[in-house]
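**Student:**
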Amino acid sequence: MSDALLANLLSPAVLFFALGLAAALVRSELKFPEPLYSALTIYLLVAIGFKGGVAIAEAGVARVWLPALAAIGLGAFIPLWTYPVLRWGGRLAPVDAAAIAAHYGSVSAVTFLAATNYLAAIGRPYESHAVALLAVMESPAILVGVVLGKRAAGGPPVPLGLVVREALFGRSIFLLLGALLVGALCGPTGMEKVGAFFVTPFQGVLALFLLEMGIVAGRRLEDLRRVGPFLLAFGVVVPVLNAVLGVAVGKAAGLSSGGSMLLGVLAASASYIAAPAAVRLALPEANPTLSLTAALAITFPFNLTLGIPLCDVLARWLHP
Amino acid sequence: MNLHPMKLVTIVCEAYAADAVLRLLAEVGASGHTSFAVEGTGARGRRLADIPEYANTQFEVIVRPELAALLLQRLGAELFPRYAMVAFESDVRVLRADKF
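Sequence order for the protein chains is A and B.
Position in the first sequence (from 1) plus 7 gives the number in the working numbering.
Position in the second sequence (from 1) plus 7 gives the number in the working numbering.
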């Protein structure tokens, strides 16, 4: 465990994230221009999507559908078990419980990227087509969470079409699925043409992006006081439980040790881009500070530093 | 110089509300608008606008007075319960009344 932990903590990605956190904590003026943030996001999503698409072309759809189905089921199940915990364990309002459950069932693409980076760094193979799992796992939890919240809350009628559109075709998921499709159509010959741009600089771009995410997460640390001790504990304990669930489901779906580890990371991660957008539309009564602080200021840093190596250890333990 | 009285309606909202605001502007018949990204603080605390997803948008719309009343009334009834936003009107005078 300590080797895995050290390998992760001393990676450029995690150290740059810590640097960003530090910049926010000392109130440094360091700030990324917004277009750079958008450009880095687009690059990362296209790069990972394209690479995953090429991997699907090589592996064949036959090897992808079962893990993908497992990921969808996992995504839908997580809000179902976390909702009662939040509602009755944390005594949260039904609509807040549903909103947070949706965030935790959905996934964080950056956490996934950091996990693939980690696996590459320690030289452990994984199914490159696992990025398809990232793509399909973003929406189910959002839809389940919204239904849970609506049943409990009532409130003004929801433009359901808008919510479904946001959950299925939000900016990030559209780009990821689109690049996946392009990669699958191009196959390895396409990769030869764009690999120098999308593969080689990838780790550097990810490090730069995590510097920015460190600043974004760090600026929300002062909201921790407002969310209370229950959510602080929830943001750390629930990812661990979901990681165990994800790794086990990954193994059952026939993924390798590396692939199960990635599904564990996906299950452990919480969305702070797609879920907030859809949940704001569908559950306007929910307090966004609660879900966003938990996902972005607690769970994201936890996963990046400790959660990723933990999933690796779990996966190796399950795949002797 | 002949200036015509009009109302300037200013709407400051979370970026998630932008689509709904634009639809409403079209429905009440506003002939145009200006929008830009803003950040600041409000009754519920800081509104960090560090990444586009968490941004805030300010809309400025010049309309005839009766349209301003309708716009504010519908904003209050339809969008205020759903999104973080404030809206207010002010008196302005424009050169070409037929544009609004």
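Glycine included, C-beta positions come from ideal geometry on N, C-alpha and C.
Name, going along the chain, the residues of the segment 24-39 of chain B whose beta-carbon falls closer than 7 Å to a beta-carbon of chain A.
**Tutor:** Of all residues in the segment 24-39 of chain B, none has a Cβ within less than 7 Å of some Cβ in chain A.
**Student:** Using DSSP's beta-bridge definition, name the partner residues of glutamate 34 of chain B.
**Tutor:** On the second sequence, residue 34 of chain B is found 27 positions in, with the first residue counted as 1. Paired residues: none, contrary to the question.
**Student:** Tell me whether arginine 103 of chain B sits in a helix, a strand or coil according to DSSP, three-state version.
**Tutor:** Taking the second sequence and counting its residues from 1, one reaches residue 103 of chain B at position 96. Three-state DSSP puts arginine 103 of chain B in coil, outside helix and strand.
**Student:** Which residue's Cα is closest to the Cα of glutamate 34 of chain B: B/Tyr61, B/Ile18, B/Leu77 and B/Pro72?
**Tutor:** On the second sequence, position 27 is the one that residue 34 of chain B refers to. Of B/Tyr61, B/Ile18, B/Leu77 and B/Pro72, the residue nearest in Cα terms is B/Leu77.
**Student:** Using 10 angstroms around the beta-carbon of asparagine 9 of chain B, count the other beta-carbons present and answer buried if the total reaches 16, otherwise exposed.
**Tutor:** As a first step, residue 9 of chain B is located in the second sequence; it is residue number 2 there, counting from the start. The residue in question, asparagine 9 of chain B, is exposed, as its Cβ has fewer than 16 Cβ neighbours within 10 Å.
**Student:** Counting only C-beta atoms, is alanine 105 of chain A closer than 8 Å to chain B at any point?
**Tutor:** Taking the first residue of the first sequence as position 1, residue 105 of chain A is located at position 98. Cβ-Cβ to chain B under 8 Å: no for alanine 105 of chain A.
**Student:** Would you mind stating whether alanine 285 of chain A and valine 153 of chain A have Cβ atoms separated by less than 8 Å?
**Tutor:** By 1-based counting over the first sequence, the position of residue 285 of chain A is 278. By 1-based counting over the first sequence, the position of residue 153 of chain A is 146. Cβ distance < 8 Å, so alanine 285 of chain A and valine 153 of chain A count as in contact.
**Student:** Can you give me the Cβ contacts of glycine 253 of chain A inside the same chain, cut-off strictly under 8 Å, excluding the 5 residues immediately before and after it?
**Tutor:** For the purposes of this step, residue 253 of chain A is identified with residue 246 of the first sequence, where counting begins at 1. Same-chain partners within the cutoff: Leu81, Ser267, Leu270, Gly271, Val272, Leu273, Ala274, Ala275 and Cys318.
**Student:** Which residue marks the beginning of the beta strand (DSSP E) containing phenylalanine 43 of chain B, and which one marks its end?
**Tutor:** By 1-based counting over the second sequence, the position of residue 43 of chain B is 36. Start and end: 41-45.
**Student:** Using DSSP bridges, identify the partner residues of isoleucine 69 of chain B.
**Tutor:** Numbered from 1 along the second sequence, position 62 holds the residue referred to as residue 69 of chain B. B/Leu15, per the DSSP bridge assignment.
**Student:** Residues of chain B with CB under 9 Å from arginine 287 of chain A, in chain order?
**Tutor:** Walking along the first sequence from the start, residue 287 of chain A turns up at place 280. The answer, in chain order, is Glu21, Tyr23, Ala24, Arg89, Tyr90 and Ala91.
**Student:** Could you spell out where the alpha helix (DSSP H) holding aspartate 103 of chain A opens and where it closes?
**Tutor:** Mapped onto the first sequence, residue 103 of chain A falls at position 96. Element bounds for aspartate 103 of chain A: 101-112.
**Student:** Verify whether the separation of the beta carbon atoms of tyrosine 50 of chain A and valine 212 of chain A is less than 8 Å.
**Tutor:** Taking the first residue of the first sequence as 1, we reach residue 50 of chain A at position 43. Taking the first residue of the first sequence as 1, we reach residue 212 of chain A at position 205. Yes.
**Student:** Which residue comes first and which comes last in the alpha helix (DSSP H) that contains phenylalanine 176 of chain A?
**Tutor:** Your numbering for residue 176 of chain A matches position 169 in the first sequence. Run containing phenylalanine 176 of chain A: 167-176, per the alpha helix (DSSP H) assignment.
**Student:** Using beta-carbon positions only, say whether valine 201 of chain A and leucine 288 of chain A come within less than 8 Å of one another.
**Tutor:** Within the first sequence, residue 201 of chain A is the residue found at index 194, counting from 1. Within the first sequence, residue 288 of chain A is the residue found at index 281, counting from 1. Cβ distance not < 8 Å, so valine 201 of chain A and leucine 288 of chain A don't count as in contact.
**Student:** On a Cα-Cα basis, can you pick out the residue from A/Leu238, A/Thr196, A/Val320 and A/Ala260 that is closest to histidine 110 of chain A?
**Tutor:** Residue mapping note: residue 110 of chain A aligns to position 103 of the first sequence, counting from 1. Histidine 110 of chain A has its Cα closest to that of A/Leu238, out of A/Leu238, A/Thr196, A/Val320 and A/Ala260.
**Student:** Anyone know if the C-beta pair for threonine 118 of chain A and leucine 311 of chain A falls short of 8 Å?
**Tutor:** Mapped onto the first sequence, residue 118 of chain A falls at position 111. Mapped onto the first sequence, residue 311 of chain A falls at position 304. It is a contact, given that the beta carbons lie within the stated cut-off.
**Student:** Please determine, among A/Val256, A/Leu155 and A/Val251, the residue with the shortest C-alpha to C-alpha distance to proline 86 of chain A.
**Tutor:** As a first step, residue 86 of chain A must be located in the first sequence, where it is residue number 79. The option with the nearest alpha carbon to proline 86 of chain A is A/Leu155.
**Student:** Could you pull out every residue in the same chain whose Cβ sits closer than 7 Å to the Cβ of serine 4 of chain B, ignoring the five residues on either side in sequence?
**Tutor:** Nothing about residue 4 of chain B can be reported from this structure: the residues present for chain B run from 8 to 107 only.
**Student:** Which first and last residues belong to the alpha helix (DSSP H) in which tryptophan 95 of chain A is found?
**Tutor:** By one-based count along the first sequence, residue 95 of chain A stands at place 88. Taken as a continuous stretch (DSSP letters only), tryptophan 95 of chain A belongs to no alpha helix (DSSP H), as it is neither H nor E.
**Student:** Which residues bound the alpha helix (DSSP H) around aspartate 319 of chain A?
**Tutor:** Reading the first sequence from its first residue, position 312 is the one you call residue 319 of chain A. Start and end: 315-325.
**Student:** Threshold first: 3 residues or longer. Then list the beta strand (DSSP E) segments lying entirely within the segment 110-134 of chain A, N to C.
**Tutor:** Here no run is fully enclosed.
**Student:** I'd like to check one pair, proline 19 of chain A with alanine 260 of chain A: are the Cβ atoms closer than 8 Å?
**Tutor:** Within the first sequence, the letter at position 253 stands for residue 260 of chain A. Within the first sequence, the letter at position 12 stands for residue 19 of chain A. Not closer than 8 Å, so no.
**Student:** Is there a Cβ of chain B sitting closer than 8 Å to that of isoleucine 49 of chain A, yes or no?
**Tutor:** Position 42 of the first sequence, counting from 1, holds the residue named residue 49 of chain A. Closer than 8 Å: no.
**Student:** Answer yes if the segment 57-75 of chain B comes into contact with the segment 17-31 of chain B, meaning at least three C-beta pairs across the two stretches below 8 Å, and no otherwise.
**Tutor:** Yes, the segment 17-31 of chain B is in contact with the segment 57-75 of chain B.
**Student:** Please confirm if glutamate 46 of chain B has its CB atom under 8 Å from at least one CB of chain A.
**Tutor:** Numbered from its first residue, the second sequence carries residue 46 of chain B at position 39. No - not a single Cβ of chain A is within 8 Å of the one on glutamate 46 of chain B.
**Student:** Can you tell me which of B/Arg81, B/Ala22 and B/Gly36 puts its alpha carbon nearest to the alpha carbon of glutamate 60 of chain B?
**Tutor:** In the second sequence, counting from the first residue as 1, residue 60 of chain B sits at position 53. Of the candidates B/Arg81, B/Ala22 and B/Gly36, the one whose C-alpha sits nearest the C-alpha of glutamate 60 of chain B is B/Ala22.
**Student:** Since glycine 221 of chain A and phenylalanine 23 of chain A are thought to touch, with beta carbons under 8 Å apart, how far apart are those beta carbons, to the nearest angstrom?
**Tutor:** Taking the first sequence and counting its residues from 1, one reaches residue 221 of chain A at position 214. Taking the first sequence and counting its residues from 1, one reaches residue 23 of chain A at position 16. Yes, they are in contact, since the Cβ atoms of glycine 221 of chain A and phenylalanine 23 of chain A sit about 7 Å apart, within 8 Å.
**Student:** Taking glycine 266 of chain A as part of the alpha helix (DSSP H), name the residues at either end of that continuous run.
**Tutor:** For the purposes of this step, residue 266 of chain A is identified with residue 259 of the first sequence, where counting begins at 1. That run of the alpha helix (DSSP H) goes 264-275.
**Student:** Residues of chain A with CB under 9 Å from leucine 55 of chain B, in chain order?
**Tutor:** Along the second sequence, read from residue 1 onward, the residue named residue 55 of chain B stands at position 48. Going along chain A in sequence order, the residues near leucine 55 of chain B (Cβ under 9 Å) are Val223, Arg226 and Arg227.
**Student:** For the segment 104-132 of chain A, list every residue whose C-beta sits within 7 Å of some C-beta in chain B, in sequence order.
**Tutor:** So nothing in the stretch comes that close.
**Student:** Taking buried to mean at least 16 other C-beta atoms within 10 Å of its own C-beta, is phenylalanine 309 of chain A buried or exposed?
**Tutor:** One-based indexing of the first sequence puts residue 309 of chain A at position 302. Phenylalanine 309 of chain A is buried by the Cβ-count criterion.
**Student:** Say whether chain A places a C-beta atom closer than 8 Å to the C-beta of glutamate 73 of chain B.
**Tutor:** Translated into the one-based positions of the second sequence, residue 73 of chain B becomes position 66. Chain A, which has no Cβ nearer than 8 Å to the Cβ of glutamate 73 of chain B, makes this no.
**Student:** With a 10 Å radius around its C-beta and 16 neighbouring C-beta atoms as the bar for buried, classify glutamate 173 of chain A as buried or exposed.
**Tutor:** As a first step, residue 173 of chain A is located in the first sequence; it is residue number 166 there, counting from the start. It counts as buried.
**Student:** Can a CB atom of chain A be found closer than 8 Å to the CB of proline 59 of chain B?
**Tutor:** Here residue 59 of chain B is taken as the residue at index 52 of the second sequence, counted from 1. Cβ-Cβ to chain A under 8 Å: yes for proline 59 of chain B.
**Student:** For threonine 196 of chain A, which of A/Lys58, A/Leu12, A/Lys38 and A/Val53 has the nearest alpha-carbon?
**Tutor:** The residue you call residue 196 of chain A lines up with position 189 of the first sequence. Checked all of A/Lys58, A/Leu12, A/Lys38 and A/Val53; the closest Cα to threonine 196 of chain A is A/Lys58.
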